[in-house]
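Residue numbers (the UniProt record's numbering): 80 to 558.
The beta-carbon is built from N, C-alpha and C at its ideal position, and this holds for glycine as well.
Please read these numbers as outputs of a predicted model, since none were measured by experiment.
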Ligand code: ATP
Ligand code: AMO
């Protein structure tokens with residue numbers, strides 16, 4: 080039988096013979112008597128060497144030195160301390176002296192995408208992000224950088240790259256830490272329906288689908304259901320689930336299917352209690368990522384020369400009133416009205432101003448103008464033109480929207496009718512939602528984060544598609 084040794088543990092097997100399954104990163108014949116291979120398991124690589132001797136034939140050396148890249152092999156060999164650190168491998172202090180090599184599954188030649196190429200950064204145009212060009216750019220005499228399109232078209236090879244494996248290890252970590260923190264706070268993990276009888280936020284950006292002899296829609300947010308669960312007396316709910324948006328947004332931070340990290344909770348006195356939970360949640364996630372996923376984070380940021388993510392030193396996340404944000408932007412030369420929504424460049428500009436002033440890449444804007452928020456948002460008691468709502472930002476880009484919600488059916492109906500565009504509170508998709516507030520629903524607030532955006536901006540990646548295994552955008556529905 081095969082002894083499946085984890086390569087990360089080879090230090091325990093020095094001068095012993097081990098057998099393990101791995102794949103071939105590359106193999107090269109050095110001479111008739113000598114060949115080298117780079118072998119890989121997950122994020123680890125080790126160098127292997129095979130030299131002809133009275134026990135090993137020259138044919139065997141040639142056979143090993145010409146195994147096709149990406150083939151899955153089973154290797155038996157002696158673990159040896161390397162004479163000097165091996166720079167091309169992640170395990171630098173040891174090497175394998177091959178005795179036997181069995182090709183379990185041979186990979187075709189040529190591959191449509193070299194995994195080595197997938198380890199390198201995207202061409203600069205994709206880094207700017209607004210376009211997905213298929214042309215390839217030379218970078219200082221090296222091989223051309225491969226476009227995002229080519230990589231995504233060959234995603235199962237692309238995903239083999241260490242940088243990509245690392246992105247999804249970090250993404251998985253964000254979900255686990257999100258659940259861990261909120262479970263401890265007493266949140267119940269829920270699953271709300273994704274097939275809806277009507278649009279859940281009244282917007283036009285819903286995908287329609289045929290549902291037997293009726294029309295149905297894909298959920299563009301769990302919004303109505305998480306509130307209906309508060310009305311059902313669950314008190315604190317969280318959800319990690321798919322969100323569908325029929326937005327024709329070809330940007331570096333929009334997908335048509337993404338993962339929503341949602342939560343909703345009852346509060347006692349003030350919606351800032353909920354903002355506090357959201358801030359503590361994110362700080363916990365960032366701090367734990369720094370501890371648990373340092374290796375992956377460093378590897379990814381290294382490829383793109385990304386600065387560390389600055390967290391507020393005091394531990395207090397700046398809560399900047401929207402009007403204060405407008406003031407900061409105006410002082411920096413932007414022209415905008417008191418109740419205007421910020422454009423993406425203005426958001427990024429504010430991100431730079433906040434970084435200068437507060438030395439943090441993570442902050443919150445609070446008290447947004449009511450006119451630019453959804454109809455279910457609670458108006459501010461101090462200024463009817465503002466609302467008890469907030470957005471969270473990372474590196475100057477939005478990762479979360481949230482608000483105190485209206486928990487009174489009369490006020491909600493009124494605000495829906497007056498909304499632009501108006502929403503019918505008695506509509507097929509809204510009536511059950513509006514009615515649930517007739518039966519004593521407590522005050523509550525919540526928020527929704529975009530998981531892929533958290534990962535993108537934490538790591539400083541140029542395109543959100545890199546953070547979705549098989550991304551969906553207006554142009555792409557395969558693979
Ligand atoms: P939210 O939906 O919570 O506002 P968001 O950050 O995705 O989240 P959107 O309203 O979808 O916000 O878009 C915000 C900004 O993104 C727009 O103001 C616009 O500047 C930019 N944007 C959206 N679609 C496009 C597009 N197709 N091309 C260029 N920019 C776009
Ligand atoms: P919103 O529409 O702002 O709010 O969405 C919440 C968060 O989801 C992310 N996001 C996206 N990520 C990738 N591609 C997209 N096309 C996309 N659109 C949005 C962003 C955004 O901040 N019901 C409210 C949430 C709430 O109030 O609880 C909502 O859906 O990170």
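Cβ-Cβ distance between residue i and residue j below 8 Å
{"i": "residue 238", "j": "residue 317", "result": "no"}
{"i": "residue 529", "j": "residue 337", "result": "yes"}
{"i": "residue 344", "j": "residue 471", "result": "no"}
{"i": "residue 399", "j": "residue 415", "result": "no"}
{"i": "residue 438", "j": "residue 392", "result": "yes"}
{"i": "residue 526", "j": "residue 488", "result": "no"}
{"i": "residue 396", "j": "residue 442", "result": "yes"}
{"i": "residue 418", "j": "residue 448", "result": "yes"}
{"i": "residue 329", "j": "residue 504", "result": "no"}
{"i": "residue 190", "j": "residue 224", "result": "no"}
{"i": "residue 455", "j": "residue 485", "result": "yes"}
Residue i, enclosing alpha helix (DSSP H) - first and last residue
{"i": "residue 139", "result": "137-144"}
{"i": "residue 99", "result": "Unbroken run through residue 99 is the beta strand (DSSP E), 96-110; no alpha helix (DSSP H)."}
{"i": "residue 409", "result": "401-410"}
{"i": "residue 435", "result": "423-437"}
{"i": "residue 228", "result": "227-232"}
{"i": "residue 367", "result": "351-371"}
{"i": "residue 532", "result": "530-538"}
{"i": "residue 496", "result": "488-496"}
{"i": "residue 255", "result": "241-263"}
{"i": "residue 307", "result": "302-310"}
For residue j and residue i, the rounded distance between their alpha carbons
{"i": "residue 80", "j": "residue 86", "result": "At residue 80 the pLDDT is 46, less than 50, meaning the model places this residue with poor confidence and gives no usable figure here."}
{"i": "residue 548", "j": "residue 493", "result": "42 Å"}
{"i": "residue 450", "j": "residue 473", "result": "24 Å"}
{"i": "residue 93", "j": "residue 160", "result": "7 Å"}
{"i": "residue 125", "j": "residue 149", "result": "14 Å"}
{"i": "residue 138", "j": "residue 105", "result": "18 Å"}
{"i": "residue 83", "j": "residue 179", "result": "15 Å"}
{"i": "residue 466", "j": "residue 457", "result": "6 Å"}
{"i": "residue 319", "j": "residue 512", "result": "21 Å"}
{"i": "residue 96", "j": "residue 298", "result": "55 Å"}
{"i": "residue 247", "j": "residue 315", "result": "28 Å"}
{"i": "residue 176", "j": "residue 188", "result": "26 Å"}
{"i": "residue 185", "j": "residue 556", "result": "29 Å"}
{"i": "residue 308", "j": "residue 341", "result": "13 Å"}
{"i": "residue 305", "j": "residue 459", "result": "22 Å"}
{"i": "residue 423", "j": "residue 88", "result": "47 Å"}
{"i": "residue 501", "j": "residue 495", "result": "6 Å"}
{"i": "residue 390", "j": "residue 144", "result": "48 Å"}
{"i": "residue 235", "j": "residue 252", "result": "21 Å"}
Spatial neighbours of residue i in its chain, beta-carbon cut-off 7 Å, leaving aside the 5 residues before and after
{"i": "residue 230", "result": "192, 197, 237"}
{"i": "residue 413", "result": "425, 428"}
{"i": "residue 165", "result": "126, 171, 174"}
{"i": "residue 550", "result": "231, 334, 544"}
{"i": "residue 498", "result": "454"}
Contact test: residue i Cβ vs the ligand MN heavy atom, cutoff 7 Å
{"i": "residue 429", "result": "Among the ligands modelled here, namely the ligand ATP and the ligand AMO, the ligand MN does not occur."}
Contacts around residue i, its chain only, beta-carbon distance under 6 Å, and the 5 residues preceding and following it disregarded
{"i": "residue 211", "result": "Residue placement at residue 211 cannot be trusted, given a pLDDT of 47 that sits under 50; what the coordinates show is reported in the next sentence. Result list for residue 211: 227, 228, in chain order."}
{"i": "residue 240", "result": "194, 197, 198"}
{"i": "residue 352", "result": "346"}
{"i": "residue 120", "result": "86, 101"}
{"i": "residue 350", "result": "467, 483, 524"}
{"i": "residue 521", "result": "345"}
{"i": "residue 214", "result": "For residue 214, the predicted model reports a pLDDT of 49, less than 50, meaning its position is unreliable; a value from the coordinates is still stated below. There are no such residues."}
{"i": "residue 254", "result": "319"}
Own chain, CB closer than 8 Å to residue i, minus 5 neighbours either side, in chain order
{"i": "residue 249", "result": "368, 372, 375, 376, 379, 534, 537, 538"}
{"i": "residue 531", "result": "250, 334, 337, 338, 543, 546, 547"}
{"i": "residue 243", "result": "197, 237, 545"}
{"i": "residue 140", "result": "108, 111, 112, 113, 114, 129, 130, 131"}
{"i": "residue 408", "result": "415, 421, 425, 428, 429, 432"}
{"i": "residue 61", "result": "This structure cannot speak to residue 61, because the chain is shown only from 80 to 558."}
Whole-Å CB distance - residue i paired with residue j, under 8 Å assumed
{"i": "residue 516", "j": "residue 310", "result": "7 Å"}
{"i": "residue 128", "j": "residue 115", "result": "6 Å"}
{"i": "residue 103", "j": "residue 122", "result": "The Cβ separation is near 16 Å, so there is no contact."}
{"i": "residue 98", "j": "residue 154", "result": "7 Å"}
{"i": "residue 181", "j": "residue 152", "result": "6 Å"}
{"i": "residue 508", "j": "residue 275", "result": "7 Å"}
{"i": "residue 286", "j": "residue 323", "result": "5 Å"}
{"i": "residue 383", "j": "residue 541", "result": "7 Å"}
{"i": "residue 388", "j": "residue 444", "result": "About 18 Å separates the two Cβ atoms, so there is no contact after all."}
{"i": "residue 301", "j": "residue 271", "result": "4 Å"}
{"i": "residue 332", "j": "residue 446", "result": "Rounded, the Cβ-Cβ distance is 24 Å, inconsistent with contact."}
Residue-level contact to chain C via CB, residue i, 8 Å cutoff
{"i": "residue 90", "result": "Of the protein chains in this structure there is only one, and it is not chain C."}
Endpoints, the beta strand (DSSP E) within which residue i is located
{"i": "residue 159", "result": "151-160"}
{"i": "residue 123", "result": "123-130"}
{"i": "residue 482", "result": "476-483"}
{"i": "residue 179", "result": "173-184"}
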